[in-house]
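Encoded as structure tokens, the structure appears first; notes follow it.
Protein chains: 2
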Amino acid sequence: MNKKKEKDPGEEPYLKVLRPLVETYFAFLRKEEPHIKTLGLTPAQFDVIATLGDTEGMSTCQLSDETLVTKGTLTGVLDRLEKMGLIERVYTEKDRRQIIIRLTKEGVKCFERVFPDQIYFLKPYFENALGKAEMETLRGLLLKLKESFEKG
Amino acid sequence: MNKKKEKDPGEEPYLKVLRPLVETYFAFLRKEEPHIKTLGLTPAQFDVIATLGDTEGMSTCQLSDETLVTKGTLTGVLDRLEKMGLIERVYTEKDRRQIIIRLTKEGVKCFERVFPDQIYFLKPYFENALGKAEMETLRGLLLKLKESFEKG
DNA sequence: TATTGTTATACTCTATAACTATA
DNA sequence: TATAGTTATAGAGTATAACAATA
Chain R
4 MNKKKEKDPG EEPYLKVLRP LVETYFAFLR KEEPHIKTLG LTPAQFDVIA TLGDTEGMST
64 CQLSDETLVT KGTLTGVLDR LEKMGLIERV YTEKDRRQII IRLTKEGVKC FERVFPDQIY
124 FLKPYFENAL GKAEMETLRG LLLKLKESFE KG
Chain W
4 MNKKKEKDPG EEPYLKVLRP LVETYFAFLR KEEPHIKTLG LTPAQFDVIA TLGDTEGMST
64 CQLSDETLVT KGTLTGVLDR LEKMGLIERV YTEKDRRQII IRLTKEGVKC FERVFPDQIY
124 FLKPYFENAL GKAEMETLRG LLLKLKESFE KG
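Those protein sequences? They're chains R and W, same order as listed.
Using my numbering, you'd call the opening residue of the first sequence number 4 and step up by one each time.
Using my numbering, you'd call the opening residue of the second sequence number 4 and step up by one each time.
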């Protein structure tokens, strides 16, 4: 989605950041995607598992907000994950319209397998590119930018 | 795809970069996506248009490499874009297996409308977050990281 | 034989809107 | 009325493998 060309950024200095941001993410994705696929998950499914990981679960609405998956679509995605035994729907008493989605034991295992795996896999790309101080700087700048998008 | 939780990055300093990278890109995407939709393009279609923009066109194979869209899928995406009149298939003499995909006049107009539009739309998020020197730094670090992914 | 692009299949995601059951 | 989640529909993207034409 939207890898801009390296054309002359002209008078807009911020384009000098936008394109590298998008292109770096895409370069990352090219490594990441085949790796996710070996887990037998689609990107949307992976998104849900990653969002639920390290939480006590959340409602469908909340899950829809936190991922980029709309409510109607989510039902289908959850159906498949439920069939795979990775998530469960928990019915609550206090509001009987609401359903809490959370990882099953199997789902937690999946989540916990993914990340150490990924850590090992991705590490060299970062460490070959950047020193420790640079990582710290990069982190700080990215977080500032992220915040700006989120509050704007 | 893959928004990691803000859990303790532990002993792996590079995770302090990976998560902000992914999350910043997602924050950007949340702004970008609705904006693309107003153009009547899907993300995959937008990807193709953006990749073809400012080029003389390229073969289907090449286009498949530059986007994240596989060869078989691309046929369908191109069919739809051709029907919309945004791209055309040009048959070449030198290798009659190959077809060059390029933007039509209409496609170029679309491409040229998108970007100034986007520039105007996205600008404040960057400028409110970062000074000019910070942008320069961020750009440099991102490009180093990108290169590492691409050559690794 | 290898490569380019298309076709075929089967599944997943997507948006949207209407629907139900609760509140 | 409003909200939470499901269902229904139609379209689009996805991977994969087999295929025809060309090299």
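Even glycine gets a Cβ: it sits at the ideal position worked out from N, Cα and C.
Since the structure is predicted, the reported quantities are computational estimates derived from the model, not experimental observations.
Roughly how many angstroms separate the alpha carbons of R:A136 and R:R142, rounded to a whole number?
Their backbone Cα atoms lie some 10 Å apart in a straight line.
So with CB distances below 8 Å, who are the chain R contacts of W:L71?
Simply F29, L32, R33, E36.
For W:K6 and W:K19, what's the separation of their Cα atoms in angstroms?
Confidence at W:K6 is low in this model, with a pLDDT of 46, below 50, so the placement of that residue should be treated as unreliable; the coordinate-derived value is given next. So the alpha carbons of these two residues sit roughly 13 Å apart.
Under 8 Å between beta-carbons, which chain R residues line up against W:T140? List them in chain order, please.
Under the 8 Å cutoff, chain R gives T140, L144.
So who's on the other strand from R:V93, going by DSSP bridges?
DSSP, once it has assigned bridges, lists R:I103 as partnering R:V93.
Are any of the Cβ atoms in chain R nearer than 8 Å to that of W:K135?
Cβ-Cβ to chain R under 8 Å: yes for W:K135.
Give every residue of the same chain whose Cβ lies closer than 6 Å to the Cβ of W:R83, excluding the five residues on either side of it in the sequence, and list them in chain order.
If we look at W:R83 and ignore the five residues flanking it on each side, it has no Cβ neighbours.
Please confirm whether R:G75 has its beta-carbon closer than 8 Å to some beta-carbon of chain W.
With 8 Å as the cut-off, R:G75 does not count as an interface residue toward chain W.
Using the Cβ count rule (16 or more neighbours within 10 Å means buried), how would you classify R:E9?
Reliability of the predicted coordinates at R:E9 is poor, the pLDDT of 43 falling under 50, and the value obtained from them is presented with this limitation in mind. It counts as exposed.
Checking contacts by CB at 8 Å: is R:K6 closer than that to chain W?
Because R:K6 sits at a pLDDT of 47, beneath the cut-off of 50, its placement in the model cannot be relied upon, and the following sentence gives the value as read from the coordinates. Yes, contact with chain W.
Can the beta-carbon of W:L55 be found less than 8 Å from the beta-carbon of W:I104?
Their beta carbons are under 8 Å apart, which means W:L55 touches W:I104 by this criterion.
If we cut at 8 Å on Cβ distances, does R:G79 have a partner in chain W?
Chain W contact via Cβ: absent.
Can you list, in chain order, the residues of its chain whose CB lies under 7 Å from that of W:M4, leaving out five sequence neighbours each side?
At W:M4, the pLDDT of 43 sits below 50, so the modelled position is not reliable; the number obtained from the coordinates is stated separately. Excluding positions up to five away in sequence, the list is empty.
Does the stretch 94–104 of chain R come into contact with the stretch 121–133 of chain R, if we say contact requires no fewer than three beta-carbon pairs (one atom in each stretch) closer than 8 Å?
Taking 8 Å as the limit for Cβ pairs, the verdict is that the stretch 121–133 of chain R does not touch the stretch 94–104 of chain R.
At a CB-CB cut-off below 7 Å, which residues of chain W make contact with R:F124?
Result: empty, since nearest Cβ-Cβ is about 11 Å, beyond 7 Å.
Give the range of the alpha helix (DSSP H) segment to which W:E137 is assigned.
From DSSP, the alpha helix (DSSP H) with W:E137 extends over 135–154.
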